[in-house]
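Enquirer:
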Amino acid sequence: MLPGMSPRSGSSENDAVAAELLRLDPSGDQVAGVLRETLDQLLDGRRRGRWSYSALHKTEKTYMGTLVEINLHREFEFADGDVTDYRIAGIEVDCKFSQSIGGWEFGPEMEGHLALVVWANDQNSAWRAGIVRATADVLRESRNRDAKRRLTRDGVGRIRWLWAEHPGLEPNQLLQMPAAHRERIFSARARSGNQHGQARLLQLCRELPGVILRRTTVETVGWGLDDPMKRMRSNGGARDKLRPEGLLVLGHQDNDPAVARALSLPVPAKGQFVVCRVVPSKHSVGAEIEGSWWRQATADDPVVPAPVVPR
(Lines of atoms letter the chains of each structure in order from A; the text may use other names.)
(Lines give C-alpha, C1' and ligand atoms only; values in the text may rest on other atoms or scores of the structure.)
Protein backbone atom coordinates (compact mmCIF):
# COMPACT_ATOMS: atom_id res chain seq x y z
CA MET A 1 0.00 0.00 0.00
CA LEU A 2 1.31 3.47 -0.92
CA PRO A 3 2.01 6.06 1.80
CA GLY A 4 -1.12 7.98 2.72
CA MET A 5 -3.51 5.44 1.18
CA SER A 6 -6.36 3.96 3.18
CA PRO A 7 -7.35 0.28 3.16
CA ARG A 8 -10.63 1.10 1.37
CA SER A 9 -11.15 -0.14 -2.18
CA GLY A 10 -10.44 2.28 -5.00
CA SER A 11 -14.07 2.60 -6.07
CA SER A 12 -15.35 3.21 -2.54
CA GLU A 13 -12.73 5.94 -2.02
CA ASN A 14 -13.78 7.54 -5.28
CA ASP A 15 -17.42 7.41 -4.16
CA ALA A 16 -16.59 8.85 -0.74
CA VAL A 17 -14.60 11.78 -2.12
CA ALA A 18 -17.23 12.56 -4.75
CA ALA A 19 -20.01 12.45 -2.15
CA GLU A 20 -18.11 14.78 0.18
CA LEU A 21 -17.35 17.31 -2.54
CA LEU A 22 -20.99 17.32 -3.66
CA ARG A 23 -22.09 17.71 -0.05
CA LEU A 24 -19.79 20.69 0.42
CA ASP A 25 -20.78 22.31 -2.87
CA PRO A 26 -24.00 20.81 -4.28
CA SER A 27 -24.30 23.28 -7.16
CA GLY A 28 -20.63 23.78 -8.03
CA ASP A 29 -20.99 27.53 -7.53
CA GLN A 30 -18.23 27.63 -4.91
CA VAL A 31 -15.68 25.86 -7.10
CA ALA A 32 -16.63 28.08 -10.04
CA GLY A 33 -16.29 31.13 -7.79
CA VAL A 34 -12.83 30.07 -6.67
CA LEU A 35 -11.72 29.63 -10.28
CA ARG A 36 -13.10 33.04 -11.27
CA GLU A 37 -11.43 34.72 -8.29
CA THR A 38 -8.14 32.94 -8.97
CA LEU A 39 -8.07 34.04 -12.60
CA ASP A 40 -8.87 37.61 -11.55
CA GLN A 41 -6.21 37.44 -8.85
CA LEU A 42 -3.54 36.45 -11.36
CA LEU A 43 -4.61 38.99 -13.97
CA ASP A 44 -4.39 41.70 -11.28
CA GLY A 45 -6.47 44.03 -13.43
CA ARG A 46 -6.70 46.87 -10.93
CA ARG A 47 -2.93 47.34 -10.84
CA ARG A 48 -1.91 46.03 -14.25
CA GLY A 49 -4.91 46.59 -16.51
CA ARG A 50 -4.69 42.99 -17.76
CA TRP A 51 -7.81 41.14 -18.88
CA SER A 52 -6.48 38.09 -20.76
CA TYR A 53 -4.69 34.96 -19.60
CA SER A 54 -2.43 35.33 -22.64
CA ALA A 55 -0.99 38.51 -21.09
CA LEU A 56 0.43 36.58 -18.13
CA HIS A 57 4.11 35.74 -17.90
CA LYS A 58 5.12 32.09 -18.11
CA THR A 59 5.90 31.95 -14.39
CA GLU A 60 2.48 33.41 -13.59
CA LYS A 61 0.75 30.78 -15.70
CA THR A 62 2.69 28.10 -13.85
CA TYR A 63 1.58 29.62 -10.54
CA MET A 64 -2.08 29.31 -11.55
CA GLY A 65 -2.16 25.67 -10.48
CA THR A 66 -0.69 26.49 -7.08
CA LEU A 67 -3.21 29.29 -6.55
CA VAL A 68 -6.13 27.04 -7.47
CA GLU A 69 -4.91 24.44 -4.98
CA ILE A 70 -4.46 27.06 -2.23
CA ASN A 71 -7.77 28.82 -2.85
CA LEU A 72 -9.79 25.59 -2.95
CA HIS A 73 -8.06 24.60 0.29
CA ARG A 74 -9.18 27.84 1.92
CA GLU A 75 -12.69 27.75 0.50
CA PHE A 76 -13.51 24.26 1.75
CA GLU A 77 -11.10 24.04 4.70
CA PHE A 78 -9.85 20.63 3.63
CA ALA A 79 -7.52 18.82 6.01
CA ASP A 80 -3.90 18.58 4.90
CA GLY A 81 -2.84 15.34 3.27
CA ASP A 82 0.31 13.47 4.24
CA VAL A 83 1.47 12.84 0.68
CA THR A 84 -1.12 14.84 -1.26
CA ASP A 85 -2.53 18.37 -1.04
CA TYR A 86 -5.74 17.47 0.77
CA ARG A 87 -7.49 14.87 2.83
CA ILE A 88 -11.15 14.69 1.78
CA ALA A 89 -13.49 12.33 3.64
CA GLY A 90 -10.32 11.02 5.27
CA ILE A 91 -8.80 10.13 1.89
CA GLU A 92 -5.62 11.52 0.34
CA VAL A 93 -6.45 13.67 -2.71
CA ASP A 94 -4.10 15.83 -4.77
CA CYS A 95 -5.24 18.90 -6.71
CA LYS A 96 -4.20 19.28 -10.34
CA PHE A 97 -5.04 22.25 -12.56
CA SER A 98 -4.51 22.66 -16.29
CA GLN A 99 -5.63 25.04 -19.01
CA SER A 100 -6.30 22.02 -21.22
CA ILE A 101 -8.22 18.80 -20.70
CA GLY A 102 -5.61 16.08 -20.20
CA GLY A 103 -2.81 18.54 -19.44
CA TRP A 104 -2.48 17.56 -15.77
CA GLU A 105 0.93 16.19 -14.76
CA PHE A 106 1.52 13.53 -12.12
CA GLY A 107 4.83 12.96 -10.37
CA PRO A 108 6.00 9.49 -9.29
CA GLU A 109 4.83 10.13 -5.73
CA MET A 110 1.25 10.52 -7.00
CA GLU A 111 0.97 7.12 -8.63
CA GLY A 112 -1.96 5.24 -7.14
CA HIS A 113 -3.50 8.26 -5.44
CA LEU A 114 -6.74 10.05 -6.20
CA ALA A 115 -6.57 13.46 -7.84
CA LEU A 116 -9.06 16.28 -8.13
CA VAL A 117 -8.39 17.44 -11.69
CA VAL A 118 -9.57 20.94 -12.59
CA TRP A 119 -9.75 22.75 -15.93
CA ALA A 120 -10.92 26.26 -16.81
CA ASN A 121 -11.15 28.29 -20.00
CA ASP A 122 -11.75 32.02 -19.53
CA GLN A 123 -12.47 32.60 -23.21
CA ASN A 124 -15.75 30.71 -23.09
CA SER A 125 -16.37 30.72 -19.31
CA ALA A 126 -16.07 26.93 -19.19
CA TRP A 127 -14.71 24.78 -16.37
CA ARG A 128 -14.71 21.17 -15.28
CA ALA A 129 -13.61 19.29 -12.20
CA GLY A 130 -13.49 15.58 -11.57
CA ILE A 131 -11.80 12.71 -9.78
CA VAL A 132 -9.40 10.17 -11.20
CA ARG A 133 -6.94 7.71 -9.71
CA ALA A 134 -3.45 8.09 -11.14
CA THR A 135 -2.65 4.41 -11.63
CA ALA A 136 0.06 3.16 -13.96
CA ASP A 137 -2.45 1.89 -16.52
CA VAL A 138 -3.92 5.38 -17.10
CA LEU A 139 -0.62 7.27 -17.23
CA ARG A 140 1.49 7.70 -20.35
CA GLU A 141 4.82 5.96 -20.62
CA SER A 142 6.60 9.20 -21.59
CA ARG A 143 7.81 11.49 -18.82
CA ASN A 144 9.02 15.08 -18.79
CA ARG A 145 12.31 16.20 -17.25
CA ASP A 146 10.70 16.11 -13.79
CA ALA A 147 9.59 12.51 -14.36
CA LYS A 148 5.96 13.63 -14.49
CA ARG A 149 3.41 11.91 -16.68
CA ARG A 150 0.05 12.83 -18.16
CA LEU A 151 -3.13 10.79 -18.48
CA THR A 152 -3.66 8.63 -21.52
CA ARG A 153 -6.80 9.08 -23.59
CA ASP A 154 -8.30 6.19 -21.66
CA GLY A 155 -7.26 7.88 -18.42
CA VAL A 156 -9.09 11.06 -19.37
CA GLY A 157 -12.10 8.90 -20.16
CA ARG A 158 -12.03 7.48 -16.65
CA ILE A 159 -12.36 10.86 -14.96
CA ARG A 160 -15.48 11.06 -12.81
CA TRP A 161 -16.73 14.53 -13.67
CA LEU A 162 -18.65 16.44 -11.03
CA TRP A 163 -21.02 19.40 -11.49
CA ALA A 164 -21.36 18.64 -15.20
CA GLU A 165 -24.53 20.75 -15.48
CA HIS A 166 -23.03 23.94 -14.02
CA PRO A 167 -23.66 26.94 -16.32
CA GLY A 168 -20.05 28.12 -16.21
CA LEU A 169 -17.76 30.78 -14.84
CA GLU A 170 -18.90 34.34 -14.37
CA PRO A 171 -17.89 35.86 -17.72
CA ASN A 172 -14.70 37.82 -18.25
CA GLN A 173 -16.49 40.78 -19.82
CA LEU A 174 -13.42 42.46 -21.27
CA LEU A 175 -12.07 39.27 -22.83
CA GLN A 176 -15.37 38.24 -24.36
CA MET A 177 -16.63 41.57 -25.71
CA PRO A 178 -16.09 42.43 -29.39
CA ALA A 179 -12.54 43.62 -30.02
CA ALA A 180 -13.76 46.94 -31.43
CA HIS A 181 -15.61 47.75 -28.21
CA ARG A 182 -12.57 46.85 -26.12
CA GLU A 183 -10.32 48.99 -28.31
CA ARG A 184 -12.60 52.01 -27.88
CA ILE A 185 -12.61 51.54 -24.11
CA PHE A 186 -8.86 51.19 -23.63
CA SER A 187 -7.97 53.88 -26.15
CA ALA A 188 -10.21 56.49 -24.50
CA ARG A 189 -8.29 59.58 -23.36
CA ALA A 190 -9.21 62.63 -21.33
CA ARG A 191 -9.61 65.79 -23.39
CA SER A 192 -7.24 67.56 -21.02
CA GLY A 193 -5.09 66.54 -18.08
CA ASN A 194 -4.23 62.96 -17.26
CA GLN A 195 -7.58 61.53 -16.14
CA HIS A 196 -7.42 58.78 -18.74
CA GLY A 197 -8.69 56.15 -16.30
CA GLN A 198 -11.88 58.16 -15.82
CA ALA A 199 -12.22 58.50 -19.60
CA ARG A 200 -11.94 54.72 -19.98
CA LEU A 201 -14.68 54.19 -17.38
CA LEU A 202 -16.99 56.58 -19.21
CA GLN A 203 -16.43 54.67 -22.43
CA LEU A 204 -17.07 51.36 -20.63
CA CYS A 205 -20.49 52.67 -19.62
CA ARG A 206 -21.25 53.69 -23.19
CA GLU A 207 -20.16 50.34 -24.62
CA LEU A 208 -21.97 48.01 -22.21
CA PRO A 209 -25.45 49.37 -21.45
CA GLY A 210 -28.04 47.13 -19.87
CA VAL A 211 -25.66 44.52 -18.46
CA ILE A 212 -24.18 44.09 -15.01
CA LEU A 213 -20.69 45.59 -14.83
CA ARG A 214 -18.60 43.46 -12.49
CA ARG A 215 -16.24 45.01 -9.97
CA THR A 216 -13.29 43.36 -11.70
CA THR A 217 -14.32 44.87 -15.03
CA VAL A 218 -14.57 48.35 -13.53
CA GLU A 219 -11.27 48.05 -11.67
CA THR A 220 -9.44 46.72 -14.72
CA VAL A 221 -10.71 49.48 -17.00
CA GLY A 222 -9.94 52.06 -14.31
CA TRP A 223 -6.49 50.64 -13.53
CA GLY A 224 -4.09 53.19 -12.12
CA LEU A 225 -6.84 55.13 -10.35
CA ASP A 226 -6.85 55.26 -6.55
CA ASP A 227 -10.50 54.17 -6.37
CA PRO A 228 -12.06 53.11 -9.69
CA MET A 229 -15.36 52.22 -8.00
CA LYS A 230 -15.69 55.74 -6.63
CA ARG A 231 -15.17 57.12 -10.15
CA MET A 232 -18.35 55.34 -11.25
CA ARG A 233 -20.50 57.26 -8.77
CA SER A 234 -21.43 60.92 -8.23
CA ASN A 235 -19.23 63.82 -7.11
CA GLY A 236 -17.62 64.17 -10.51
CA GLY A 237 -17.67 60.48 -11.43
CA ALA A 238 -19.37 58.66 -14.29
CA ARG A 239 -22.84 59.13 -12.81
CA ASP A 240 -22.52 62.91 -13.13
CA LYS A 241 -20.48 63.05 -16.32
CA LEU A 242 -22.79 60.78 -18.32
CA ARG A 243 -26.07 62.37 -17.24
CA PRO A 244 -26.01 64.89 -20.14
CA GLU A 245 -25.83 61.89 -22.52
CA GLY A 246 -29.03 60.52 -21.00
CA LEU A 247 -27.24 57.69 -19.20
CA LEU A 248 -28.15 56.49 -15.72
CA VAL A 249 -25.39 54.72 -13.79
CA LEU A 250 -27.11 52.60 -11.15
CA GLY A 251 -25.47 50.74 -8.28
CA HIS A 252 -26.68 48.62 -5.36
CA GLN A 253 -27.52 51.37 -2.87
CA ASP A 254 -30.33 53.80 -2.07
CA ASN A 255 -33.06 53.98 -4.75
CA ASP A 256 -30.93 52.50 -7.52
CA PRO A 257 -32.16 48.88 -7.22
CA ALA A 258 -35.81 49.97 -7.36
CA VAL A 259 -35.14 52.13 -10.42
CA ALA A 260 -33.29 49.25 -12.11
CA ARG A 261 -36.22 46.89 -11.51
CA ALA A 262 -38.74 49.44 -12.76
CA LEU A 263 -36.71 49.86 -15.95
CA SER A 264 -36.55 46.05 -16.41
CA LEU A 265 -32.78 46.08 -15.93
CA PRO A 266 -30.69 43.51 -14.06
CA VAL A 267 -30.32 44.64 -10.45
CA PRO A 268 -26.73 45.26 -9.33
CA ALA A 269 -25.37 43.53 -6.24
CA LYS A 270 -22.72 45.11 -4.05
CA GLY A 271 -19.75 46.21 -6.15
CA GLN A 272 -21.72 46.15 -9.41
CA PHE A 273 -23.30 48.72 -11.73
CA VAL A 274 -25.73 48.80 -14.63
CA VAL A 275 -26.01 51.61 -17.19
CA CYS A 276 -29.07 52.61 -19.19
CA ARG A 277 -30.04 55.49 -21.47
CA VAL A 278 -33.46 56.84 -20.54
CA VAL A 279 -36.06 59.22 -21.94
CA PRO A 280 -39.29 60.65 -20.48
CA SER A 281 -42.29 58.32 -20.71
CA LYS A 282 -46.02 58.28 -20.21
CA HIS A 283 -47.42 58.14 -16.71
CA SER A 284 -46.86 54.79 -14.96
CA VAL A 285 -44.56 53.50 -17.70
CA GLY A 286 -41.04 52.68 -16.51
CA ALA A 287 -39.56 54.26 -13.38
CA GLU A 288 -40.80 57.24 -11.43
CA ILE A 289 -37.87 59.46 -10.50
CA GLU A 290 -38.50 62.65 -8.55
CA GLY A 291 -42.09 62.90 -9.78
CA SER A 292 -41.37 62.20 -13.47
CA TRP A 293 -41.61 58.96 -15.42
CA TRP A 294 -38.72 57.52 -17.42
CA ARG A 295 -38.24 54.47 -19.65
CA GLN A 296 -35.38 52.81 -21.48
CA ALA A 297 -34.50 54.73 -24.62
CA THR A 298 -34.51 53.18 -28.07
CA ALA A 299 -32.01 53.96 -30.81
CA ASP A 300 -34.58 56.30 -32.39
CA ASP A 301 -35.15 58.37 -29.25
CA PRO A 302 -33.38 61.73 -29.04
CA VAL A 303 -30.82 62.24 -26.29
CA VAL A 304 -32.32 63.85 -23.20
CA PRO A 305 -30.33 64.54 -20.00
CA ALA A 306 -30.98 61.79 -17.46
CA PRO A 307 -32.62 62.60 -14.12
CA VAL A 308 -30.88 62.58 -10.75
CA VAL A 309 -31.88 59.49 -8.76
CA PRO A 310 -32.38 60.65 -5.15
CA ARG A 311 -30.03 59.24 -2.52
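For the sequence shown, full-length UniProt numbering begins at 1 and goes up steadily by one. Ideal Cβ positions, reconstructed from N, Cα and C, are used throughout, including at glycine.
Taking the alpha carbon of Q173 as the point to measure from, which residue in A299, R153 and Q272 has its own alpha carbon closest?
Expert: As a position in the sequence shown, residue 173 is number 173, starting the count at 1. Closest option to Q173, judged by alpha-carbon separation, among A299, R153 and Q272: Q272.
Enquirer: So, for H181: in the same chain, excluding its five sequence neighbours on each side, which residues have a beta-carbon less than 6 Å away from its beta-carbon?
Expert: Start at 1 with the first residue of the sequence shown, and residue 181 comes out as number 181. Closer than 6 Å at the Cβ level, and outside the excluded window around H181, lie E207.
Enquirer: Can you check which of these residues, V278, R158, V34 and R295, is closest to N14 by C-alpha distance?
Expert: As a position in the sequence shown, residue 14 is number 14, starting the count at 1. In this structure, R158 is the residue among V278, R158, V34 and R295 with its C-alpha nearest to the C-alpha of N14.
Enquirer: Short of 8 Å in beta carbon distance, which residues of its chain neighbour R50, apart from the five on each side in sequence? Order them along the chain.
Expert: Within the sequence shown, the letter at position 50 stands for residue 50. Within the same chain, R50 has close Cβ partners L43, D44, L56 and T220.
Enquirer: Measure the beta-carbon distance from R243 to M232 and round it to whole angstroms, keeping in mind my assumption that it falls under 8 Å.
Expert: Translated into the one-based positions of the sequence shown, residue 243 becomes position 243. Translated into the one-based positions of the sequence shown, residue 232 becomes position 232. Their Cβ separation, rounded to whole angstroms, is 13 Å, which puts R243 and M232 out of contact at 8 Å.
Enquirer: Under 7 Å Cβ to Cβ from R184, same chain only, skipping five residues before and after it: list those, please.
Expert: Here residue 184 refers to the residue found at position 184 when the sequence shown is read from its first residue. Taken in chain order, the residues that qualify are Q203 and E207.
Enquirer: Kindly indicate which three-state DSSP category G130 falls into: helix, strand or coil?
Expert: As a working mapping, residue 130 is identified with position 130 in the sequence shown. In the structure shown, G130 sits in a strand (DSSP, three-state: E or B).
Enquirer: Which class does F97 belong to by DSSP, given the choice of helix, strand or coil?
Expert: As a first step, residue 97 is located in the sequence shown; it is residue number 97 there, counting from the start. Three-state DSSP puts F97 in a strand.
Enquirer: Using only the alpha-carbon positions, how far apart do V17 and R153 sit?
Expert: As a first step, residue 17 must be located in the sequence shown, where it is residue number 17. As a first step, residue 153 must be located in the sequence shown, where it is residue number 153. So the alpha carbons of these two residues sit roughly 23 Å apart.
Enquirer: Helix, strand or coil for A269? Go by DSSP, reduced to three states.
Expert: As a working note, residue 269 is residue 269 in the sequence shown. Coil.
Enquirer: Quick one, which of Q99, A306, H252 and P302 has its alpha-carbon nearest E290's?
Expert: Looking up residue 290 in the sequence shown gives position 290. If we check each option's Cα against that of E290, A306 comes out closest.
Enquirer: Where does the unbroken beta strand (DSSP E) through Y86 begin, and where does it stop?
Expert: The residue labelled residue 86 in the question sits at position 86 within the sequence shown. Y86 to I88 is the extent of the beta strand (DSSP E) around Y86.
Enquirer: Please say whether C95 and H113 have beta carbons closer to each other than 9 Å?
Expert: Start at 1 with the first residue of the sequence shown, and residue 113 comes out as number 113. Start at 1 with the first residue of the sequence shown, and residue 95 comes out as number 95. No, the Cβ-Cβ distance between H113 and C95 is not below 9 Å.
Enquirer: Three-state secondary structure (DSSP) at P280?
Expert: Here residue 280 refers to the residue found at position 280 of the sequence shown. Strand.
Enquirer: Taking the alpha-carbon of M177 as reference, which of H166, E77, R295 and S52 has the nearest alpha-carbon?
Expert: Locating residue 177 in the sequence shown gives position 177, counting from the first residue. Checked all of H166, E77, R295 and S52; the closest Cα to M177 is S52.
Enquirer: Grab me the residues of E111's own chain with a C-beta within less than 8 Å of its C-beta, minus the 5 sequence neighbours each way, in chain order.
Expert: Counted from its first residue, the sequence shown places residue 111 at position 111. Excluding residues within five positions, the ones whose Cβ falls inside 8 Å are L2, A134, T135, A136 and L139.
Enquirer: On the premise that P268 lies in contact with L250, defined as a C-beta separation below 8 Å, what is that separation, rounded to the nearest angstrom?
Expert: Numbered from its first residue, the sequence shown carries residue 250 at position 250. Numbered from its first residue, the sequence shown carries residue 268 at position 268. Confirmed, Cβ separation roughly 6 Å.
Enquirer: Please report the Cβ distance between V93 and A115, rounded to the nearest whole angstrom; I am assuming they are in contact, meaning their Cβ atoms lie under 8 Å.
Expert: Mapped onto the sequence shown, residue 93 falls at position 93. Mapped onto the sequence shown, residue 115 falls at position 115. The Cβ separation is near 7 Å, so the contact holds.
Enquirer: Which whole-angstrom value describes the C-beta separation of G224 and G193, a residue pair presumed to lie in contact below a C-beta threshold of 8 Å?
Expert: Taking the sequence shown and counting its residues from 1, one reaches residue 224 at position 224. Taking the sequence shown and counting its residues from 1, one reaches residue 193 at position 193. The pair is not a contact, with the Cβ atoms about 14 Å apart (cut-off 8 Å).
Enquirer: Comparing alpha-carbon positions, which option in W127, R47 and A79 lies nearest D29?
Expert: Stepping through the sequence shown from its first residue, residue 29 is reached at position 29. Among W127, R47 and A79, the Cα nearest to that of D29 belongs to W127.
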